[in-house]
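Structure first, commentary second.
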Amino acid sequence: MSAIRRVFAALVLLTLPVGCVDRPEPHIYVLGSGEGAAIGEQTDRGRTIIELKPVLIPDHMDTTDFLLRSGRNELSPSSTALWGERLSIGITSALASALAERLPSARIVARPSATHPARKIFVDITALDLRRGGLCTLRAHWTISAPGELSERIAPAGAEVTVMASADGLSDEAVVVALTNTISQIADRIAADL
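Residue numbers (the numbering used here): 1 to 194.
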């Protein structure tokens with residue numbers, strides 16, 4: 001009996017360090033360049049105000065978990081990364097910054113403004129697929145409206161964009177770069193429609 005107890009005690013001792021190992025803190029990512037903080041703080045004098053409504057994304061992706069497709073019908077959260085905000089908020093902010101860069105004569109606001117906007121942009125991302133290795137596929141539809149016009153809708157449009165990041169290929173950062181580049185391409189198309 002004492003030999004069995006020693007073996008059992010040794011097994012217990014071997015498993016203890018595994019449970020006590022500290023995991024590294026995950027990296028927290030935000031989208032965009034971070035240079036768009038001044039959007040909405042600039043003067044309105046002589047500038048067209050364009051309101052970007054909150055971007056809609058698939059419900060399962062609207063989280064702070066860094067979800068990557070790992071199979072045909074499977075998403076897995078990264079153990080090394082998190083989003084710094086819900087993904088829909090991050091995409092809205094990144095898209096507003098990208099539009100502000102492309103439309104310097106306009107003031108892009110991502111929140112309702114006290115001043116009536118000349119245009120409103122509604123964006124619905126119907127598919128968003130992020131894969132380890134920096135592959136991002138995004139399908140979006142958008143409508144640009146002019147309040148007060150009879151039709152209200154000016155330009156319904158859409159696009160599907162796939163971007164492969166040129167980063168090291170396996171890092172979480174490659175996924176962030178690919179999604180940021182995808183949002184930039186959508187901004188190019190929306191700016192052209194405006």
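Ideal Cβ positions, reconstructed from N, Cα and C, are used throughout, including at glycine.
This one's a predicted model, so the numbers in the text were calculated from it and none came from an experiment.
First and last residue of the alpha helix (DSSP H) that includes residue i?
i: VAL176; result: 172 to 193
i: GLY90; result: 87 to 102
Alpha carbon to alpha carbon, what distance is there between residue j and residue i?
i: LEU130; j: HIS141; result: 18 Å
i: GLY36; j: SER184; result: Caution applies to GLY36, whose pLDDT of 48 falls short of 50 and renders its modelled position unreliable; the value that the coordinates give is listed next. Straight-line Cα distance between these residues: approximately 13 Å.
i: LEU67; j: THR180; result: 16 Å
i: ALA187; j: ALA98; result: 6 Å
i: SER151; j: ILE121; result: Summary for SER151: the model assigns pLDDT 48, below 50, so the residue's position carries little reliability, and this model does not support an answer.
i: GLY133; j: SER76; result: 14 Å
i: ILE144; j: GLU74; result: 34 Å
Against chain C, with Cβ distances strictly below 9 Å, would residue i count as a contact?
i: ARG86; result: The question asks about chain C, but that chain is absent: this structure has only one protein chain.
Which one or two residues does DSSP pair with residue i in a beta bridge?
i: PRO147; result: Paired residues: none, contrary to the question.
i: LEU138; result: LEU128 and VAL161
i: SER76; result: LEU68
i: ARG47; result: For ARG47, which the question treats as bridged, DSSP gives no partner whatsoever.
To the nearest whole angstrom, what separates the beta carbons of residue i and residue j, a pair I think is in contact under 8 Å?
i: PRO26; j: THR92; result: No, PRO26 and THR92 are not in contact; Cβ-Cβ is about 23 Å, not under 8 Å.
i: ARG119; j: LEU194; result: 7 Å
i: GLY90; j: VAL30; result: 6 Å
i: PRO147; j: ILE49; result: Wrong, their Cβ atoms sit about 11 Å apart, outside the cutoff.
Are at least three pairs of beta-carbons, each pair with one atom in the segment 56 to 67 and one in the segment 97 to 112, less than 8 Å apart?
-> Contact between the segment 56 to 67 and the segment 97 to 112 is absent, because fewer than three Cβ pairs lie under 8 Å.
With contact counted as at least three CB pairs below 8 Å, one residue from each stretch, are the segment 97 to 106 and the segment 67 to 77 in contact?
-> Here the segment 97 to 106 makes no contact with the segment 67 to 77; the two share fewer than three CB pairs at distances below 8 Å.
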